[in-house]
Amino acid sequence: MANVHPTIIEAAATWYVDLQNADTDESAHQAHQQWLLAHPQHRQAWARVEKLQHTLSQLEGDSSTLRNARNNRRQTIKALSLLLMVGGTGLAWQQKDGIERLTAQYHTNTGELRTLALADGGELLLNTNSHVDINYSTTQREIRLHGGEILVTTAQDALNRPFIVRTRHGRVRALGTRFSVRDVNDQTRVDVYEQAVEIQPADSTTSALRLEAGQRSEFTRQHIPSPYPLPANSDAWRQKLLIVSDWPLPQFLTELSRYRTGHLGCNDAATGLRISGAFNLTNTSAVLDNLANTLPIKIRYFTRYWVQVELA
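Here the sequence shown is numbered in the working numbering, starting from 35 and rising by one per residue.
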């Protein structure tokens, strides 16, 4: 594959995306066959596409990653071309989540919040850097969260279809409720604000866990720990606020960094500081300036995108 020209790789990716379109007619398939016969490198590139598709289809039994390409043609071609150029199905196993984020129907950028009206009258609020697909069928209502965080307000459905949020760790079923779901590294966090939800890990055969209003739980693909009380102001982000009480500085900076581009951290000497207060997430640089004015710290900007908090 290393000898295949990048323009041919991009052409193969473009062919794949376009052939997934339901409106594609027989003439397009014939043209594709002619393209394959035109040069050996065309066939090499196409073989890589098919191998990559097969690899992705084995992950979690989900073959929709590339088939959903028509939802965002340009981003999908770019992402697929990148995978083909770096060459390997091994990367696909590691980067499936990244591809799904690129091809998601709806997303937010860093620091952006976005509200979506659902077809059944419900509402979906996307937090910073979040990526979702929405699939309403005759049998169920499904939100697939590929990354980030969402706040769901469900509506009564005339067809009584279940409302499911799926993540890479499992599924959350709404029981007439308002709740949030967040992808947190190796687990999914669920906060329930009204009524209840049921959580079912992807690789667990145990019964689903019922989570009531005022509770939080984090689950992996295999395990759901016992729920615990929902921290105060955990949904303040919907008003672009971060409200904390006695948080360690590293934890605070990790949360704040979700709303700004680049690296934000602190040196070892500053890790013992504690943070309390309400902070406006629309201007994270102003938040850092405020910290420097109230705590014995200084903010070092190595570059615009590499910031470190240090003891003064």
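Beta carbons are placed, not taken as given, at the ideal position from N, Cα and C, and that holds for glycine. Computed from a predicted model, the values in this text were never measured in an experiment.
Within the stretch 273-338, the runs of beta strand (DSSP E) that reach at least 3 residues and sit entirely inside it are, in chain order, 275-282, 297-300, 308-314 and 331-337. Excluding residues up to 5 positions away in sequence, Leu345 and Ala346 lie with their Cβ nearer than 7 Å to the Cβ of Pro330 in the same chain. For Ala47 against Leu53, the beta-carbon gap comes to about 11 Å, at or over 8 Å, which does not count as contact.
Looking at the backbone, the Cα of Gln139 and that of Ile168 are separated by about 7 Å. Burial of Gln221 is indicated by the presence of at least 16 other C-beta atoms within 10 angstroms of its C-beta.
For Trp340, the enclosing beta strand (DSSP E) starts and ends at Trp340 to Leu345. Between the alpha carbons of Arg200 and Pro259 lies a gap of roughly 18 Å. The residue from Glu146, Thr162 and Thr187 with its alpha-carbon nearest to that of Gly155 is Thr187. Assignment of Ser171 by DSSP, reduced to helix, strand and coil, places it in the coil class.
Residues Leu298, Gly299, Cys300 and Val343 of the same chain have their beta carbon placed closer than 7 Å to that of Leu287, with the five preceding and five following residues left out of the count. Between Val278 and Ile309, the gap from beta carbon to beta carbon is short of 9 Å. Of all C-beta pairs linking the stretch 226-243 to the stretch 194-208, three or more are shorter than 8 Å, placing the two stretches in contact.
The C-beta distance from Thr295 to Thr144 rounds to 5 Å, short enough to meet the 8 Å contact threshold. In this chain, Pro235 is not harboured by any alpha helix (DSSP H); it is covered by the beta strand (DSSP E) spanning Ala230 to Pro235. Residue range Glu60 to Ala72 is occupied by the alpha helix (DSSP H) that includes Ala72, with no beta strand (DSSP E) assigned at that position.
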